[in-house]
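This report refers to the structure that appears directly beneath it.
What follows is the structure, encoded as structure tokens:
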């Protein structure tokens, strides 16, 4: 790999395989707009709508046909435009082009990144640069923010590989040398030698002012031409890590939901019934008699089908979705690009979360330091209270910082003449690059570049850092009281040794000191054993399990240098150190995370964390927020020497001691429940073992453990039992989501970064917390950056799902009721007039239908979600019960009509309108529409009480008032001749009273049936037999007969209570 430092030759590009690579760009194609529109509006359901509109137009019902046609086609075009806009966002997010300095034919030239090929060598410009492809560092080093790709909160140091000419690049093995496309370079440095500052510096013996150059990094102490790091292009375009991520997003299959599949089947059944009614209608009009068939009879037959299967159903669905989307946006600041996902989100039973920036704050919080004491260790102490001189000096000097916005700092002389920190804070306060938003804080200006850990630690001290001026000054840190330390030399963090160090001096005393900071294990190895407390490792584990990032700090109080300081190697200074203490940082929970998780539990939603972060931190967060109960033990599964081992989170000597059953001889369900598939650990003779129900502990696993379990076919265990997936890559996150979905769950995913894009896209419902990349592929974006938005979304989605089923039932009941009225009239050779159809549609049906979709969501997320099955017992009981009540009422009213002394049967070869049969059918059936609208809106667990839906109540009361006007007012006072215009006949008062009573009893019966039989008894049956009940963790994963065994490999003689 290092042999390719000379870059490519133009001749090799023409003659070798590089030409097959194509452009270094990820181009996502967007389909042609008009093709998309025509493809959509020519689908079978739209063709059915056109057919119905044609039938109504021929039958002089053109206004209604026009409304349905425009709204249906308009809704289709709107969907196409939304999908196209999302595709364009993904295209814009994927495509990235920047100018780079490339070594071609032995010469440096500026080229566009589109023309990069594997084997090209480019310069790394510096901090803030976004990588256009996958690159390997071949000279120098860089600090890279990979949070957009991996979710890791701490920037990663990338270094050049060792001098091995035969070393072949491997993307998996050489991660520490690779800068992935789309990641951000925080800081970079080339390999360089620096000239010693000309400023006079004196050192007591044995130190000398070094006359020769040293290897100083990043602090601009000497004036010298700074070489840049060199990068080798490894993979371009779609072959990069970012390209794989985008490809996975684009290749996600669309989920088909239960109610979508069942709706198609149900509508086909209705069309089949409509076909029978088509033939029955022709029969009623004598079409099968010799010479009786007329072309007009086909129109009546087709109209029967069009009424029974209402083509406005998709339009009403779109209205309901638009109302829910508007409510989400206005009330909860949750925006959606695909409103069809809203009712789907109402069925979420498994919710997965990223950790950093989702459950926790994005930034790390400085917790404090822990000092060694005679008894062991102190409690956590705030940095502001630290008085110990060596420790505090290490906190202010041992870091890898660079200075940002130097214009805010003022010159050093300015700071010396004034009170340094006060001047700086005043200038920082006055700085405002843009006007503040009305409802937001002014933008904060970051003072320093470098690793987040170092920035947080240094800012907690209240000191100010300055780079060298490039001519004569060392980098230095300044305190509020005029204190100052100069950083003479810095050895940057090296991942191979897990530490960094600095050589500093106090100008007043002119005595150098060495400070070293790094992982606890690395610092321990460099320290004098006598300075290491006895319970050093236990203290590290204790704080790690409390979610802290733990760093150790040590120093050399009186270093002895055999060479000039600037020529000193790190191995000469990082030895024989004295341990000073631990530095603790932590990702804290967002303020409302715990309450949101508690609400989701009340709504019977199971939850998991899928994160790229460390497993101990992830488990700590899971326990803190309630995803893992505090009263449960947690076992962490990881690979140890090729074996899967589950160790207790708090005491690693406790292991999940599993059955010795051969997995191949045990049914799969037993394997996944009692965990016999993992290799049992040998327990020491002095160890203890107890049996424990599966419901008493939780499981977390690392990415290697996940791969082991997945490849072993233990999918049920991964879905039902694992609560935390840690160190997961973006495509592994996506795989977990797909696995959960494949097991029949409706799964949601909430994340905030580009590393979550694939998982957000794969989930049934992805909720992005306002990241530019994540919001492009996610159907939902929450601007509040809080998982409370997940609660609001599920609560609103359950209401939307209940409303969707309500409008589905109501529309089907409308179709069946109107078809029944028409067929009853056809029996007598009559029909409802056009104006009566208009009254039914625009006065009785549409106002109620509109307000059915506006039922507001409940204030709390409680109970199980509403049904999503059209053929479920609750839905079918509701439909069949109301239809039977309606048909019985029509039969009763017509039987009573036939028994009236004044009644004369209607038998006419032509269609009649002004006959008593039509009037009886209209007045009786009219009571069904408002009653059914109210009945379909029952269901207070997911929606507010129907009595709070003022619009629906007004629309229903209006319908009843108009019916009563036809019954009691217009027969006596009709100045505008409405009865004549709608073609009704005047019926005797006593018979109208009978029809009123029949209609009223029918309406009351419908309401009682829905309220008591469908809902109350349905709820009782559901509680007793578990219908529609979402199982929670204990109900899924605790097998009755087989408890797991916990083995304790511990030599402790204490007889402690384990559980």
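Residue numbers (the UniProt record's numbering): 1 to 1059. Ideal placement from N, C-alpha and C gives every residue a C-beta, glycine not left out.
Between residue i and residue j, what straight-line distance do the alpha-carbon atoms span, to the nearest angstrom?
i: residue 281; j: residue 916; result: 20 Å
i: residue 118; j: residue 494; result: 27 Å
i: residue 268; j: residue 648; result: 56 Å
i: residue 543; j: residue 261; result: 51 Å
i: residue 833; j: residue 975; result: 20 Å
i: residue 541; j: residue 731; result: 30 Å
i: residue 900; j: residue 339; result: 54 Å
i: residue 1000; j: residue 275; result: 32 Å
i: residue 204; j: residue 509; result: Residue placement at residue 204 is poorly supported in this model, since its pLDDT is 33, which falls under 50; the coordinates are not used for a value here.
i: residue 1008; j: residue 67; result: 35 Å
i: residue 763; j: residue 789; result: 17 Å
i: residue 599; j: residue 488; result: 55 Å
i: residue 259; j: residue 862; result: 22 Å
i: residue 441; j: residue 785; result: With a pLDDT of 37 at residue 441, under the threshold of 50, the predicted position of this residue should be treated as unreliable, though the coordinate-derived value follows. Looking at the two C-alpha atoms, the distance is approximately 15 Å.
i: residue 592; j: residue 794; result: 16 Å
i: residue 924; j: residue 83; result: 46 Å
i: residue 206; j: residue 561; result: Because the pLDDT of residue 206 is 34, which lies under 50, any placement of that residue in the model is unreliable, and the question is left without a value.
i: residue 171; j: residue 180; result: 10 Å
Please name the residue, chosen from the options, that lies closest to residue i on a Cα-to-Cα basis.
i: residue 79; options: 373, 131, 359 and 319; result: 319
i: residue 960; options: 822, 946, 929 and 382; result: 929
i: residue 314; options: 43, 372 and 796; result: 43
i: residue 305; options: 992, 987, 818 and 963; result: 818
i: residue 265; options: 780, 499 and 871; result: 871
i: residue 464; options: 452, 453 and 481; result: 481
i: residue 839; options: 901, 831 and 922; result: 922
i: residue 55; options: 920, 512, 311 and 966; result: 311
i: residue 702; options: 612, 175, 58 and 716; result: 612
i: residue 49; options: 400, 724, 73 and 821; result: 73
i: residue 946; options: 799, 609 and 139; result: 799
i: residue 247; options: 940, 786 and 734; result: 734
i: residue 100; options: 880, 229, 796 and 547; result: 229
For residue i, count the other beta carbons within 10 Å of its own beta carbon; 16 or more makes it buried, fewer makes it exposed. Which is it?
i: residue 884; result: exposed
i: residue 579; result: buried
i: residue 618; result: buried
i: residue 972; result: exposed
i: residue 587; result: buried
i: residue 402; result: buried
i: residue 993; result: exposed
i: residue 805; result: buried
i: residue 8; result: buried
i: residue 60; result: exposed
i: residue 105; result: exposed
i: residue 603; result: buried
i: residue 1017; result: exposed
i: residue 571; result: exposed
i: residue 1143; result: Since the first residue of the chain shown is 1 and the last is 1059, residue 1143 is not available in this structure.
i: residue 388; result: exposed
i: residue 755; result: buried
i: residue 1067; result: Nothing can be reported for residue 1067, as the shown portion of the chain is limited to 1 through 1059.
I think residue i touches residue j, with their Cβ atoms under 8 Å apart; what is that distance to the nearest whole Å?
i: residue 607; j: residue 353; result: 7 Å
i: residue 769; j: residue 782; result: 5 Å
i: residue 1013; j: residue 882; result: Going by Cβ atoms, the distance from residue 1013 to residue 882 rounds to 11 Å, so no, they are not a contact pair.
i: residue 341; j: residue 765; result: 6 Å
i: residue 372; j: residue 557; result: Contact flag wrong, Cβ pair sits at about 15 Å.
i: residue 810; j: residue 932; result: 6 Å
i: residue 234; j: residue 115; result: Actually they are not in contact, since the Cβ atoms of residue 234 and residue 115 sit about 16 Å apart, beyond 8 Å.
i: residue 582; j: residue 396; result: The Cβ separation is near 17 Å, so there is no contact.
i: residue 853; j: residue 316; result: 7 Å
i: residue 650; j: residue 636; result: With a Cβ gap of about 10 Å, residue 650 and residue 636 do not count as contacting.
Problem set entry | Whole runs of the alpha helix (DSSP H) within the segment 691-724, excluding any shorter than 4 residues | 703-711 and 715-720
For this session: Could I get the ranges of all uninterrupted alpha helix (DSSP H) runs contained in the segment 931-977, with 4 residues as the minimum, in chain order?
Result: 950-964
Exercise. What are the complete alpha helix (DSSP H) segments, minimum 4 residues, inside the segment 318-364?
Worked result: 341-345
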